[in-house]
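In order, the protein sequence lines correspond to chains U and H. Using this note's numbering, read the first sequence as starting at 29 and increasing by one per residue. Using this note's numbering, read the second sequence as starting at 29 and increasing by one per residue.
2 protein chains.
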Amino acid sequence: MIEIIRPTFVIDKEVCLQNIERMAEKAKAHNMRFRPHFKTHQSAKVGEWFRHFGVDAITVSSVGMAEYFAMNGWDDITIAFSLNILEMAHINRLAASVKLNVLLENKEAAEVLAAKAQNPIGVYLKIDTGYNRTGIPLSRTGIIDAILDTIAANKKITFKGFLTHTGHTYAARSTNEIFSRQFDALLKMKSLKAAYLKRFPKVEISMGDTPSASICSNFSGVDEFRPGNFVFYDLMQQNLGACSMKDIAVRMVCPVVAKHVSRNEVVIYGGAVHFAKDSILNTDGKPLFGRIIIEKDGEKQLLDTNNYLSRLSQEHGIIKTTPANFREINVGDLIEVIPVHSCLTANLAKTYLTTDGEEIPTANTYL
Amino acid sequence: MIEIIRPTFVIDKEVCLQNIERMAEKAKAHNMRFRPHFKTHQSAKVGEWFRHFGVDAITVSSVGMAEYFAMNGWDDITIAFSLNILEMAHINRLAASVKLNVLLENKEAAEVLAAKAQNPIGVYLKIDTGYNRTGIPLSRTGIIDAILDTIAANKKITFKGFLTHTGHTYAARSTNEIFSRQFDALLKMKSLKAAYLKRFPKVEISMGDTPSASICSNFSGVDEFRPGNFVFYDLMQQNLGACSMKDIAVRMVCPVVAKHVSRNEVVIYGGAVHFAKDSILNTDGKPLFGRIIIEKDGEKQLLDTNNYLSRLSQEHGIIKTTPANFREINVGDLIEVIPVHSCLTANLAKTYLTTDGEEIPTANTYL
Numbered sequence: 029m030i031e032i033i034r035p036t037f038v039i040d041k042e043v044c045l046q047n048i049e050r051m052a053e054k055a056k057a058h059n060m061r062f063r064p065h066f067k068t069h070q071s072a073k074v075g076e077w078f079r080h081f082g083v084d085a086i087t088v089s090s091v092g093m094a095e096y097f098a099m100n101g102w103d104d105i106t107i108a109f110s111l112n113i114l115e116m117a118h119i120n121r122l123a124a125s126v127k128l129n130v131l132l133e134n135k136e137a138a139e140v141l142a143a144k145a146q147n148p149i150g151v152y153l154k155i156d157t158g159y160n161r162t163g164i165p166l167s168r169t170g171i172i173d174a175i176l177d178t179i180a181a182n183k184k185i186t187f188k189g190f191l192t193h194t195g196h197t198y199a200a201r202s203t204n205e206i207f208s209r210q211f212d213a214l215l216k217m218k219s220l221k222a223a224y225l226k227r228f229p230k231v232e233i234s235m236g237d238t239p240s241a242s243i244c245s246n247f248s249g250v251d252e253f254r255p256g257n258f259v260f261y262d263l264m265q266q267n268l269g270a271c272s273m274k275d276i277a278v279r280m281v282c283p284v285v286a287k288h289v290s291r292n293e294v295v296i297y298g299g300a301v302h303f304a305k306d307s308i309l310n311t312d313g314k315p316l317f318g319r320i321i322i323e324k325d326g327e328k329q330l331l332d333t334n335n336y337l338s339r340l341s342q343e344h345g346i347i348k349t350t351p352a353n354f355r356e357i358n359v360g361d362l363i364e365v366i367p368v369h370s371c372l373t374a375n376l377a378k379t380y381l382t383t384d385g386e387e388i389p390t391a392n393t394y395l
Numbered sequence: 029m030i031e032i033i034r035p036t037f038v039i040d041k042e043v044c045l046q047n048i049e050r051m052a053e054k055a056k057a058h059n060m061r062f063r064p065h066f067k068t069h070q071s072a073k074v075g076e077w078f079r080h081f082g083v084d085a086i087t088v089s090s091v092g093m094a095e096y097f098a099m100n101g102w103d104d105i106t107i108a109f110s111l112n113i114l115e116m117a118h119i120n121r122l123a124a125s126v127k128l129n130v131l132l133e134n135k136e137a138a139e140v141l142a143a144k145a146q147n148p149i150g151v152y153l154k155i156d157t158g159y160n161r162t163g164i165p166l167s168r169t170g171i172i173d174a175i176l177d178t179i180a181a182n183k184k185i186t187f188k189g190f191l192t193h194t195g196h197t198y199a200a201r202s203t204n205e206i207f208s209r210q211f212d213a214l215l216k217m218k219s220l221k222a223a224y225l226k227r228f229p230k231v232e233i234s235m236g237d238t239p240s241a242s243i244c245s246n247f248s249g250v251d252e253f254r255p256g257n258f259v260f261y262d263l264m265q266q267n268l269g270a271c272s273m274k275d276i277a278v279r280m281v282c283p284v285v286a287k288h289v290s291r292n293e294v295v296i297y298g299g300a301v302h303f304a305k306d307s308i309l310n311t312d313g314k315p316l317f318g319r320i321i322i323e324k325d326g327e328k329q330l331l332d333t334n335n336y337l338s339r340l341s342q343e344h345g346i347i348k349t350t351p352a353n354f355r356e357i358n359v360g361d362l363i364e365v366i367p368v369h370s371c372l373t374a375n376l377a378k379t380y381l382t383t384d385g386e387e388i389p390t391a392n393t394y395l
């Protein structure tokens with residue numbers, strides 16, 4: 029067993045496998061291709077766990093990540109990030125060896141792709157269904173048609189369908205709002221599919237943010253399902269109602285270095301360079317960067333929200349506690365912290381440790 | 029010249045060298061040992077630049093970082109982070125080959141150090157002068173005496189002095205407040221030094237957050253000076269009045285991937301995994317994650333705060349612009365973004381690029 033002496037990202041493999049299985053079965057039940065997003069775990073080893081559940085196609089969020097997973101045996105990859113035309117040489121190299129899909133949302137990038145694509149490349153058009161981050165607004169069919177006409181000039185390029193990320197489910201104030209935002213996006217995507225079905229009989233709809241993927245059950249007309257965060261889940265998802273506490277598969281395990289009785293604060297080795305800085309609102313109205321698990325009488329216990337990771341600087345984390353729990357924690361203890369946003373926390377780790385005691389490298393050493 | 033195709037951390041070496049020189053001269057003018065904090069740049073190559081200005085002693089914030097810089101020729105290192113007793117084996121190994129100082133702030137850690145130190149180790153006591161993050165509150169001389177008695181049991185350990193990080197200067201609402209907080213901390217540290225001078229004639233005071241190090245000029249009685257961020261500076265420091273815009277030595281250079289005319293928003297490849305997520309308040313009351321520089325008529329121009337990095341997700345950044353500037357920016361352009369918090373932004377880079385065209389590895393590949 030590896031001895032933990034520094035902040036360590038630990039995965040409960042059993043919970044993680046359950047999360048993957050549940051989502052794979054959901055995709056199957058709704059006749060959707062499961063193309064999970066690998067940006068959350070960014071690890072070839074965790075990727076292998078997906079293979080047990082029949083996954084052979086993946087989503088990534090950068091060309092570098094596509095290169096990493098291609099090197100690790102994945103040969104059907106969608107880069108779910110609007111085409112960065114400066115990376116065309118890398119994209120051509122990748123497309124020489126794997127089935128590669130890219131995203132387009134403007135004519136400028138479509139023109140570069142049409143001019144430079146040397147190997148077969150699939151294209152999804154990125155549609156904005158209300159998140160207002162990026163993508164083509166539904167009403168602008170002129171842009172859609174212009175892109176389709178442009179890429180038709182290069183026979184290597186195949187139009188696959190329409191893709192959206194319903195990221196505004198993350199801002200939902202209730203699960204009802206997640207349902208309504210997903211349903212609204214679904215209607216929009218289906219209307220788009222209907223409009224282009226005649227010209228492109230194989231046109232697909234690709235969807236799948238984790239909040240809606242976890243709780244919604246209407247996926248009629250959806251061809252592809254791309255959630256990512258669900259592999260680990262986190263407090264943000266739990267807070268949204270997308271998962272329960274027992275579904276969260278990851279912890280940061282951090283050494284206690286100091287205690288301050290006058291403030292009932294415990295200082296851990298574990299800061300912004302280990303957790304990243306996303307927070308949710310705690311019950312006291314203050315930012316919460318993590319929930320705390322300590323051992324009491326030999327049993328692990330999740331503490332209530334009066335005990336939480338309340339501040340982060342580069343390497344320090346400050347845990348606020350109740351006086352009673354303060355007394356249970358000692359300098360040199362290891363404390364488990366449930367992270368707020370597992371994607372960004374995982375991104376900072378060079379390796380993960382599993383509850384089986386296995387140390388897993390991540391793409392961080394490659395990217 | 030290296031072609032930039034992905035988000036890239038770029039250092040203006042000339043500005044960086046000026047920042048180092050200015051701070052080295054300040055230390056010299058006030059007869060302080062300059063022991064710069066290397067947690068901001070975390071790079072052996074940038075470390076070498078300090079040698080030109082006579083620096084031979086450094087500060088780091090983790091044992092791993094100490095190991096990295098020891099491997100790279102530094103032999104006088106203070107780990108300015110309260111002793112993590114779980115890392116004693118690493119600390120003993122380090123202390124076998126370099127002059128190592130560690131921080132103590134409680135009796136528990138002091139006892140472990142006294143029991144386990146095998147090689148000469150210097151000790152500073154971490155004092156809380158008002159930041160309330162960690163350290164011994166000034167009034168608790170009982171703890172100070174207990175730690176001093178404890179470490180006296182091991183002849184390998186030498187008490188060096190008192191160290192503080194006046195981090196509450198970062199929350200100052202004016203430069204006046206930076207002055208008053210530094211002065212308050214200085215008085216506290218001097219009173220401590222006076223109280224222990226008889227028993228420890230060589231007792232030192234070590235101080236030096238970047239805001240006060242940059243603007244204050246009263247360092248009477250201070251023996252050691254440990255600022256770190258000044259090497260790069262950033263918008264947070266500029267916002268505090270600790271530096272001017274021209275002192276900021278770093279940029280994130282990011283490709284433009286999309287434009288949304290209905291919102292006057294530009295989408296860059298450059299997100300939370302490149303910038304980290306610290307923000308300052310913009311003039312419009314909204315969080316600002318970076319200021320924007322674009323080329324106009326062949327000249328670089330810093331845009332006003334109506335144009336700023338306004339949102340970050342994992343890989344995407346959203347720049348809000350005025351309509352006029354929106355028209356100047358094209359898909360495929362490279363945009364320069366001045367980061368809010370250079371320490372956390374630099375921490376995410378695997379390599380830096382200098383304006384001389386040199387690619388510099390960072391500790392990220394080691395840590």
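Where is the CB? At the ideal position from N, CA and C, for every residue including glycine.
So what's residue i in DSSP terms, helix, strand or just coil?
{"i": "residue 60 of chain U", "result": "coil"}
{"i": "residue 386 of chain U", "result": "coil"}
{"i": "residue 207 of chain H", "result": "helix"}
{"i": "residue 65 of chain H", "result": "strand"}
{"i": "residue 288 of chain U", "result": "strand"}
{"i": "residue 329 of chain U", "result": "strand"}
{"i": "residue 368 of chain U", "result": "coil"}
{"i": "residue 276 of chain H", "result": "coil"}
{"i": "residue 344 of chain U", "result": "strand"}
{"i": "residue 32 of chain U", "result": "coil"}
{"i": "residue 98 of chain H", "result": "helix"}
Among residues of its own chain, excluding the 5 on either side of residue i, which ones have a beta-carbon nearer than 6 Å to its beta-carbon?
{"i": "residue 36 of chain H", "result": "281 and 381"}
{"i": "residue 311 of chain H", "result": "333"}
{"i": "residue 150 of chain U", "result": "129, 186 and 188"}
{"i": "residue 299 of chain H", "result": "340, 341, 342, 343, 344 and 345"}
{"i": "residue 144 of chain U", "result": "116"}
Note down, in chain order, each residue of its chain lying with its Cβ closer than 8 Å to the Cβ of residue i, except the 5 sequence neighbours on either side.
{"i": "residue 79 of chain U", "result": "none"}
{"i": "residue 339 of chain U", "result": "317, 345 and 346"}
{"i": "residue 393 of chain H", "result": "378"}
Buried or exposed: which applies to residue i, given that a residue is buried once 16 or more other Cβ atoms fall within 10 Å of its Cβ?
{"i": "residue 329 of chain H", "result": "exposed"}
{"i": "residue 279 of chain U", "result": "buried"}
{"i": "residue 376 of chain U", "result": "buried"}
{"i": "residue 204 of chain H", "result": "exposed"}
{"i": "residue 314 of chain U", "result": "exposed"}
{"i": "residue 169 of chain H", "result": "exposed"}
{"i": "residue 59 of chain H", "result": "exposed"}
{"i": "residue 324 of chain H", "result": "exposed"}
{"i": "residue 51 of chain H", "result": "buried"}
Given this structure, state the Cα-to-Cα distance separating residue i from residue j, to the nearest angstrom.
{"i": "residue 318 of chain H", "j": "residue 274 of chain H", "result": "15 Å"}
{"i": "residue 181 of chain U", "j": "residue 288 of chain H", "result": "25 Å"}
{"i": "residue 38 of chain U", "j": "residue 62 of chain U", "result": "26 Å"}
{"i": "residue 246 of chain H", "j": "residue 75 of chain U", "result": "57 Å"}
{"i": "residue 226 of chain H", "j": "residue 249 of chain H", "result": "15 Å"}
{"i": "residue 370 of chain U", "j": "residue 361 of chain H", "result": "32 Å"}
{"i": "residue 216 of chain U", "j": "residue 131 of chain H", "result": "59 Å"}
{"i": "residue 351 of chain U", "j": "residue 110 of chain H", "result": "22 Å"}
{"i": "residue 390 of chain H", "j": "residue 77 of chain H", "result": "14 Å"}
{"i": "residue 335 of chain U", "j": "residue 320 of chain U", "result": "7 Å"}
{"i": "residue 367 of chain U", "j": "residue 267 of chain U", "result": "12 Å"}
{"i": "residue 296 of chain H", "j": "residue 91 of chain U", "result": "15 Å"}
{"i": "residue 121 of chain U", "j": "residue 256 of chain H", "result": "41 Å"}
Can you list, in chain order, the residues of its chain whose CB lies under 7 Å from that of residue i, leaving out five sequence neighbours each side?
{"i": "residue 124 of chain U", "result": "147"}
Output needed in chain order: residues of the stretch 269-299 of chain U with a Cβ under 8 Å from some Cβ in chain H.
Of all residues in the stretch 269-299 of chain U, 283, 285, 286, 287, 288, 290, 291, 295 and 297 have a Cβ within less than 8 Å of some Cβ in chain H.
Taking Cβ-Cβ distances below 9 Å as the criterion, which residues of the stretch 340-353 of chain H are in contact with chain U?
Cβ contacts with chain U come from 341, 342, 343, 344 and 346.
Under 7 Å, CB to CB, which of the residues in the stretch 360-376 of chain H have a partner in chain U?
Answer in chain order: 360, 371, 372 and 375.
Interface residues of the stretch 302-317 of chain U facing chain H [CB-CB below 9 Å]:
When CB distances to chain H are screened at a threshold of 9 Å, the residues of the stretch 302-317 of chain U falling below it are 304, 305 and 306, in chain order.
Could you run through the stretch 164-175 of chain H and flag, in chain order, every residue whose CB is less than 8 Å away from some CB of chain U?
The residues in question are 165.
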